[in-house]
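Mapping to our numbering: the sequence shown position 100 is 142, numbers consecutive.
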Amino acid sequence: MVLALIVFSFSSLAYQNVKHIPDVVIGTDGGYPPFTFINDKGELDGFEIKLLKRACRMKRLRCKFVYKDLSFGDLLPGVKNHRFDIAVGGIGYTESRIPDFDFVKTFSATKFFFGPSNTKITTIPDDLAGMKIGVEASTQFVAYIEALSADLVAQGKAPIQITEYPNLEAIEVGLLSGEVTTTPTGIEVIEVLKEKSEFKGFEAIGPEIIGGYKGSLFGQGDGFMLRKGDSLQYYFGEAMQRMLNTCEYARIEKQFFSGTNAYTPIHCRD
43 MVLALIVFSF
53 SSLAYQNVKH
63 IPDVVIGTDG
73 GYPPFTFIND
83 KGELDGFEIK
93 LLKRACRMKR
103 LRCKFVYKDL
113 SFGDLLPGVK
123 NHRFDIAVGG
133 IGYTESRIPD
143 FDFVKTFSAT
153 KFFFGPSNTK
163 ITTIPDDLAG
173 MKIGVEASTQ
183 FVAYIEALSA
193 DLVAQGKAPI
203 QITEYPNLEA
213 IEVGLLSGEV
223 TTTPTGIEVI
233 EVLKEKSEFK
243 GFEAIGPEII
253 GGYKGSLFGQ
263 GDGFMLRKGD
273 SLQYYFGEAM
283 QRMLNTCEYA
293 RIEKQFFSGT
303 NAYTPIHCRD
């Protein structure tokens with residue numbers, strides 16, 4: 043099936059249908075560093091937050107960020123039910139989300155398992171049989187691990203012991219307590235976790251997920267999620283394209299990452 047979306051190709055009809063929308067409500071859980079997080083000043087911060095704020099200024103939109111007392115599981119339903127106009131927080135645009143949401147791509151993610159360095163994951167899914175794995179509820183990681191577990195059972199092997207957590211912070215507690223052995227997440231998140239002293243001896247484990255077994259479940263990349271057909275896709279898509287072309291995207295990226303991702307334009311890479 044060909045995914046019928048080209049992120050930054052907007053028809054003249056779409057342009058004509060754009061209406062001036064003075065207030066844009068953006069929902070995030072603020073718990074997926076370095077994409078969205080609460081900084082030392084108690085303020086909402088992160089790579090995608092900076093991109094959104096810049097896009098709002100470029101398009102002269104008044105944007106309100108809603109993040110207190112939200113979990114990841116609140117974000118997409120909030121967009122669908124008009125609580126938010128945009129949801130953000132390292133959200134992947136997967137095939138299952140295409141019918142209900144439009145998308146402005148912000149990042150090409152690289153994902154690994156994260157756990158103690160002595161954890162053996164060489165072959166996926168075989169080495170995960172019977173393993174205790176933690177995932178954040180309502181994320182694509184749940185569908186991914188469930189698919190791997192189902193395949194293991196079909197092969198006559200032990201299922202994965204899956205524990206769902208409300209947020210990344212709860213997963214951290216589960217890893218440190220030994221409740222779970224590992225968790226799948228983005229390499230950028232892993233770099234943030236490894237900076238914490240309590241995760242000494244933890245690292246990215248095994249092969250990269252996206253290019254491997256069942257990796258296609260993660261879709262086209264991460265980005266801003268909008269209601270299907272919402273003209274805001276034009277506003278934010280155009281702003282993102284301008285930031286990419288002028289290398290402003292790369293300059294913001296450097297504030298949060300040690301390197302560039304595959305979505306960074308070649309002419310903007312060091």
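Quick reminder that beta carbons are idealized off the backbone N, C-alpha and C, glycines included.
Close beta carbons around residue i, own chain, < 6 Å, minus the five adjacent residues each side
i: Phe321; result: It is not possible to answer for residue 321, since the shown part of the chain is limited to 43 through 312.
i: Thr302; result: Arg311
i: Pro329; result: Within the shown structure, residues of the chain are numbered from 43 to 312, placing residue 329 beyond reach of any answer.
i: Tyr109; result: Thr70, Gly72, Leu86
i: Asn59; result: Residue confidence is low: Asn59 scores 46 on pLDDT, short of 50, so the model does not pin down where it sits. No coordinate-derived value is stated.
Residue i versus residue j - alpha carbon distance
i: Gly243; j: Lys101; result: 45 Å
i: Val231; j: Gln283; result: 25 Å
i: Thr227; j: Arg99; result: 31 Å
i: Phe50; j: Ala129; result: At Phe50 the pLDDT is 44, less than 50, meaning the model places this residue with poor confidence; the figure from the coordinates comes in the next sentence. Looking at the two C-alpha atoms, the distance is approximately 18 Å.
i: Arg125; j: Asn287; result: 32 Å
i: Phe143; j: Lys92; result: 22 Å
i: Asp82; j: Glu250; result: 31 Å
i: Thr164; j: Gly248; result: 5 Å
i: Pro158; j: Val215; result: 14 Å
i: Met173; j: Tyr291; result: 39 Å
Residues bridged to residue i (per DSSP)
i: Arg104; result: Asp65
i: Gly157; result: Glu245
i: Leu94; result: Leu94 pairs with nothing; no bridge assigned.
Distance between beta carbons of residue j and residue i, contact taken as under 8 Å
i: Ile213; j: Ile175; result: Not really, about 10 Å apart at Cβ, beyond 8 Å.
i: Phe260; j: Lys162; result: With a Cβ gap of about 23 Å, Phe260 and Lys162 do not count as contacting.
i: Val184; j: Glu206; result: 6 Å
i: Cys170; j: Leu194; result: According to the sequence provided, residue 170 is Leu. The question's Cys does not apply to it. Contact holds; Cβ gap of about 7 Å.
i: Arg104; j: Val66; result: 7 Å
Sequence-distant residues of its chain with Cβ nearer than 8 Å to residue i (five each side left out)
i: Asp309; result: The residue you asked about is not Asp; residue 309 is His in the sequence shown. Contacts found: Cys289.
i: Arg269; result: Val121, Lys122, His124, Asp127, Asp142, Phe143, Asp144
Classification of residue i by the beta-carbon crowding that lies within 10 angstroms, buried from 16 upward
i: Leu117; result: buried
i: Leu235; result: buried
i: Glu240; result: exposed
i: Asp264; result: buried
i: Glu237; result: exposed
Residues of its chain near residue i, where Cβ-Cβ distance is below 7 Å and the 5 sequence neighbours each way are ignored
i: Gly257; result: Ile251
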